Amino acid sequence: MTANLPAPSCSPACEPSGGSEPAPAAFPALRRGRPVTLQVNLGYRCNQSCSHCHVNAGPSRTEMMDAATLALVPAVLRARRIATLDVTGGAPELHPGFRALVAQARALGATVIDRCNLTILSEPGQEDLAGFLAAQGVTVVASLPCYSAANVDQQRGDGVFARSIAGLRQLNALGYGSEGSGLELDLVYNPQGPSLPPPQAALEADYRRELAAHFGIRFNRLYTITNMPIQRFAAVLRQQGRLESYMDLLRASHNPANLDQVMCRTTISVDWQGHLYDCDFNQMLGLPFPGPRRHLRDLLDHDPSDEPIAVADHCFGCTAGAGSSCGGALS
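Letter 225 of the sequence shown, counting from 1, is numbered 257 in our numbering, and no numbers are missing.
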């Protein structure tokens with residue numbers, strides 16, 4: 033059904049659209065507000081190996097959060113009165129404790145976000161996963177870097193687009209993406225290469241039109257997320273001789289208006305060992321909280337509000353243009 037799709041607008045090379053001030057030589061200092069989201073990486077094992085993956089996740093990865101650390105997550109949600117648990121990986125659903133963790137967090141009244149790659153829904157042993165997510169009222173944030181099969185398969189592997197569409201249809205059949213269902217289904221777009229995402233609202237309209245017309249797919253929102261110049265994506269750009277030019281683009285596109293809304297101000301990121309970071313990207317770079325090394329258990333009796341945030345050049349990826357966060361564009 034994809035042969036007659038119009039040329040996709042999923043991967044334009046956006047021009048710098050910086051803010052009202054020149055890009056600073058170094059990223060500005062930031063301080064954290066009150067944490068409202070705990071983003072927990074359960075491990076790096078994944079059923080896919082995507083070219084843009086800043087986690088370097090894949091089927092051969094073995095890192096996985098142990099049971100003692102996993103048990104701290106609901107305790108911290110309760111102690112710090114954190115409203116949202118954002119579960120990531122790898123494919124977080126491959127962790128054997130994933131479902132119990134989700135159920136515990138929902139029992140506490142927390143919103144649970146599952147960062148889902150969609151193809152996991154058709155993996156052996158995961159046939160009932162979509163039904164579990166629906167029964168628990170989990171918000172599904174699903175990766176779909178384009179509405180074109182060719183673009184998706186180029187970035188994520190052969191056959192991924194077809195399996196992703198099948199996963200979306202499975203979620204739609206359970207009520208996800210339908211008005212009034214209470215089951216939220218959001219999609220995530222990443223550019224194909226070293227460019228900024230296009231305007232989020234316009235691209236969302238394109239996704240909504242094309243996915244409905246050709247596949248009957250419904251969803252709630254589209255998030256556009258800038259590819260961060262770290263890990264696998266940075267290695268590819270370095271091999272191509274494009275890493276410095278991409279960093280120049282991010283710096284030139286710095287929009288200071290986005291600084292108040294960057295996700296590190298209200299999110300705490302936790303790696304598979306329980307160590308704390310200001311964001312998922314700092315986690316992948318091994319850039320921990322400033323000061324003494326912190327662990328998830330420390331949050332049981334410590335409020336990190338108003339503490340400094342660790343920043344570096346890659347942070348320009350979050351403030352470039354319309355901004356970027358785990359919740360999409362910032363402005």
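Glycine included, each C-beta is placed from N, C-alpha and C at the ideal position. Quantities reported herein were computed from a predicted structural model and do not represent experimental measurements.
### Task
For residue 184, I'd like the list of residues in its chain whose CB is within less than 8 Å of its CB, leaving aside the five on either flank, ordered along the chain.
Here residue 184 refers to the residue found at position 152 when the sequence shown is read from its first residue. The residues 176, 177, 178, 192, 193 and 196, in chain order, have a CB closer than 8 Å to that of residue 184 in the same chain once the five nearest residues on each side in sequence are set aside.
### Query
Hey, how far is the Cα of residue 254 from the Cα of residue 285?
Residue numbering aside, residue 254 sits at position 222 when the sequence shown is read from its first letter. Residue numbering aside, residue 285 sits at position 253 when the sequence shown is read from its first letter. The straight-line gap from Cα to Cα measures roughly 22 Å.
#### Entry: Residue burial classification, residue 355 (beta-carbon count within 10 angstroms, cutoff 16)
In the sequence shown, residue 355 corresponds to position 323, counting from 1. Residue burial annotation: residue 355 is buried, with at least 16 other C-beta atoms found within 10 angstroms of its C-beta.
### Residue nearest to residue 95 in terms of C-alpha spacing, selected from 221, 113, 306 and 293
Here residue 95 corresponds to residue number 63 of the sequence shown, with the count starting at 1. That would be 306, whose Cα lies nearest to the Cα of residue 95.
### Query
In this structure, what does DSSP give as the bridge partners for residue 90?
Start at 1 with the first residue of the sequence shown, and residue 90 comes out as number 58. Beta-bridge pairing links residue 90 to 77.
### Query
Along the chain, where does the alpha helix (DSSP H) that runs through residue 241 open and close?
Taking the sequence shown and counting its residues from 1, the one referred to as residue 241 is at position 209. Under the DSSP assignment, residue 241 falls in the alpha helix (DSSP H) whose first and last residues are 232–247.
### Query
Can you tell which of 70, 358 and 59 has its C-alpha closest to the C-alpha of residue 222?
For the purposes of this step, residue 222 is identified with residue 190 of the sequence shown, where counting begins at 1. Comparing alpha carbon positions, the residue from 70, 358 and 59 closest to residue 222 is 358.
### Own chain residues within Cβ distance below 7 Å of residue 45, not counting five before or after
Taking the first residue of the sequence shown as 1, we reach residue 45 at position 13. With a pLDDT of only 44 at residue 45, under the threshold of 50, the placement of this residue in the model should not be trusted; the figure read from the coordinates follows. So the list reads 227, once near-sequence residues are dropped.
### Query
Which one or two residues does DSSP pair with residue 68 in a beta bridge?
Position 36 of the sequence shown, counting from 1, holds the residue named residue 68. According to DSSP, residue 68 bridges with nothing at all.
### Task
Tell me where the beta strand (DSSP E) around residue 147 begins and ends.
Indexing the sequence shown from 1 puts residue 147 at position 115. Run containing residue 147: 143–148, per the beta strand (DSSP E) assignment.
### Message
Considering just the uninterrupted stretch of the beta strand (DSSP E) at residue 116, what are its terminal residues?
### Response
On the sequence shown, position 84 is the one that residue 116 refers to. Where residue 116 is concerned, the enclosing beta strand (DSSP E) stretches over 116–120.
#### Entry: Closest Cα partner of residue 295 within the set 58, 102, 336 and 65
Within the sequence shown, the letter at position 263 stands for residue 295. Nearest option by C-alpha distance: 65.
### Task
Using the Cα positions of residue 141 and residue 159, report the straight-line distance between them to the nearest angstrom.
Here residue 141 is taken as the residue at index 109 of the sequence shown, counted from 1. Here residue 159 is taken as the residue at index 127 of the sequence shown, counted from 1. Going by the C-alpha atoms only, they are around 26 Å apart.
#### Entry: residue 100 vs residue 343 beta-carbon contact at 8 Å
Here residue 100 refers to the residue found at position 68 of the sequence shown. Here residue 343 refers to the residue found at position 311 of the sequence shown. Not in contact: residue 100 and residue 343 (Cβ atoms no closer than 8 Å).
### Message
By alpha-carbon positions, which one of 328, 57, 98 and 172 ends up nearest to residue 75?
### Response
Along the sequence shown, read from residue 1 onward, the residue named residue 75 stands at position 43. It is 98.
### Query
For the stretch 200–214 against the stretch 145–164, are there 3 or more C-beta pairs whose distance is under 8 Å?
Touching, yes, given that three or more Cβ pairs across the two stretches are closer than 8 Å.
### Task
Output the boundary residues of the beta strand (DSSP E) element that contains residue 255.
Mapped onto the sequence shown, residue 255 falls at position 223. DSSP places residue 255 inside the beta strand (DSSP E), whose first and last residues are 253–256.
### Message
Can you find the residues in the same chain that come closer than 6 Å, C-beta to C-beta, to residue 362, ignoring five residues on each side of it along the sequence?
### Response
Here residue 362 is taken as the residue at index 330 of the sequence shown, counted from 1. Taken in chain order, the residues that qualify are 290, 293 and 355.
### Task
Spatial neighbours of residue 266 within its chain, please: CB distance less than 7 Å, with the 5 preceding and 5 following residues excluded, ordered by chain position.
Along the sequence shown, one-based indexing puts residue 266 at 234. The beta carbon of residue 266 lies closer than 7 Å to those of 275 in the same chain, with the five residues before and after it left out.
### Message
If the criterion is Cβ atoms closer than 8 Å, does the pair residue 217 and residue 251 meet it?
### Response
Within the sequence shown, the letter at position 185 stands for residue 217. Within the sequence shown, the letter at position 219 stands for residue 251. Against a cut-off of 8 Å, the Cβ pair of residue 251 and residue 217 comes out as a contact.
### Task
Determine the DSSP secondary structure at residue 218, reduced to helix, strand or coil.
Position 186 of the sequence shown holds residue 218. In the structure shown, residue 218 falls within a strand segment according to DSSP collapsed to helix, strand and coil.
### Message
Below 8 Å on the Cβ atoms is my contact criterion, and I expect residue 229 with residue 256 to pass it. Report the Cβ-Cβ distance as a whole number of Å.
### Response
The sequence position of residue 229 within the sequence shown is 197, counting from 1. The sequence position of residue 256 within the sequence shown is 224, counting from 1. At roughly 4 Å, the Cβ-Cβ gap stays under 8 Å, so residue 229 and residue 256 are in contact.
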